[in-house]
Amino acid sequence: DAGITQSPRHKVTETGTPVTLRCHQTENHRYMYWYRQDPGHGLRLIHYSYGVKDTDKGEVSDGYSVSRSKTEDFLLTLESATSSQTSVYFCAISGTYGRSTYEQYFGPGTRLTVT
Amino acid sequence: QKEVEQNSGPLSVPEGAIASLNCTYSDRGSQSFFWYRQYSGKSPELIMSIYSNGDKEDGRFTAQLNKASQYVSLLIRDSQPSDSATYLCAKEGGGNKLTFGTGTQLKVEL
Chain A
35 DAGITQSPRH KVTETGTPVT LRCHQTENHR YMYWYRQDPG HGLRLIHYSY
85 GVKDTDKGEV SDGYSVSRSK TEDFLLTLES ATSSQTSVYF CAISGTYGRS
135 TYEQYFGPGT RLTVT
Chain B
9 QKEVEQNSGP LSVPEGAIAS LNCTYSDRGS QSFFWYRQYS GKSPELIMSI
59 YSNGDKEDGR FTAQLNKASQ YVSLLIRDSQ PSDSATYLCA KEGGGNKLTF
109 GTGTQLKVEL
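The listed protein sequences derive, respectively, from chains A and B. This note's numbering applies: residue 35 is where the first sequence begins, and numbers increase by one. This note's numbering applies: residue 9 is where the second sequence begins, and numbers increase by one.
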């Protein structure tokens, strides 16, 4: 257990509404990531962070924004949710002491449905 | 060509047999590779990391890396029904990022 929690775990929202997903970690990991997982596409990186206030885009960043104002929290925001953003969202961390910074550990996931 | 390719399966093996999962990648410069196990409805779990050519063993799991041929494989010996899951192959993609394959579903049958 890498001390990662995600909230909410499940959410149903309507098209056009803003949604924020939270990833919280307790072990001071430097790197944090947001992925979405869809059938046939696998895990795709949305955004990632390499430090407080340091973030960058992944391969599917359109329609998403992130913020990291403190080490332990990485927020993913869908500014105006669309049905194509219905997915399972995973947060991951890396940079665990004594391990390669490439080794990523995942949170439990958030299942988001946009109706 | 996808950066990381896996056969989606399902791969069915009888209990007690060796399961062989394969993954190919396109970037010859990739150095680090990972295998994740994902049970249905759960999050991916890191089970093996491999950084150099050859074999790496951990219990019933063996990861094999062949950089010249650009493939990485995972062998599971004495397969158990509890090994039934989707196995994701990933490689480092620079900037501390990973690129994942779409996964192979493994079914271990009694």
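Think of the CB as a built atom: it goes at the ideal place given N, C-alpha and C, for glycine as much as any other residue. Quick caveat: nothing in here was measured; it's all calculated off a predicted structure.
| query | result |
| --- | --- |
| Which of helix, strand or coil DSSP assigns to A:Gln59 | strand |
| Nearest-angstrom Cα separation, counted from B:Tyr44 out to B:Ser81 | 12 Å |
| Nearest to A:His75 (by Cα), restricted to the options B:Lys105, B:Val12, B:Gly101 | B:Val12 |
| 8 Å contact criterion, which B:Thr94 and B:Thr112 should meet: CB distance rounded | 7 Å |
| CB contact check: B:Thr32 to chain A, cutoff 7 Å | no |
| Where A:Ser114 falls, given that 16 or more other Cβ within 10 Å makes a residue buried | exposed |
| Near-chain A residues of the segment 46 to 67 of chain B (beta-carbon distance less than 7 Å), N- to C-terminal order | Ser51, Pro52, Leu54, Ser57 |
| Those residues which DSSP pairs with A:Gln40 across a bridge | A:Cys57 |
| Simplified DSSP state of B:Ser60, which is helix, strand or coil | coil |
| Sub-7 Å separation of A:Thr111 and A:Val46 beta-carbons | no |
| The segment 49 to 56 of chain A / the segment 76 to 83 of chain A touching (three or more Cβ pairs under 8 Å) | no |
| Stretch-stretch touch, CB-based, cutoff 8 Å, three pairs: the segment 19 to 28 of chain B with the segment 113 to 128 of chain A | no |
| Distance CB(B:Thr110)-CB(B:Gln78) smaller than 7 Å | no |
| 7 Å Cβ cutoff met for B:Ile58 and B:Phe41 | yes |
| Any C-beta of chain A under 7 Å from that of B:Phe69 | no |
| Of the listed residues A:Asp107, A:Tyr98, A:Val122, A:Gly85, nearest to A:Gly129 (C-alpha basis) | A:Gly85 |
| is_contact[B:Phe41, chain A] using C-beta, thresh 7 Å | no |
| Local Cβ density within 10 Å of A:Lys104, reported as buried at 16 or more and exposed below that | exposed |
| Rounded separation between B:Lys172 and B:Glu65 - CA only | Nothing can be reported for residue 172 of chain B: it is not among the residues displayed for chain B, which extend from 9 to 118. |
| Proximity below 7 Å, CB of B:Asn104 to CB of A:Tyr65 | yes |
| Helix, strand or coil at A:Ser128 according to DSSP, with G and I counted as helix | strand |
| Same chain only: Cβ atoms within 8 Å of A:Tyr139, ignoring 5 sequence neighbours per side | Ala36, Ile38, Ala126, Ile127, Ser128, Thr130 |
| Those runs of the beta strand (DSSP E) which lie wholly inside the segment 79 to 105 of chain A and span at least 3 residues | 88 to 91, 98 to 104 |
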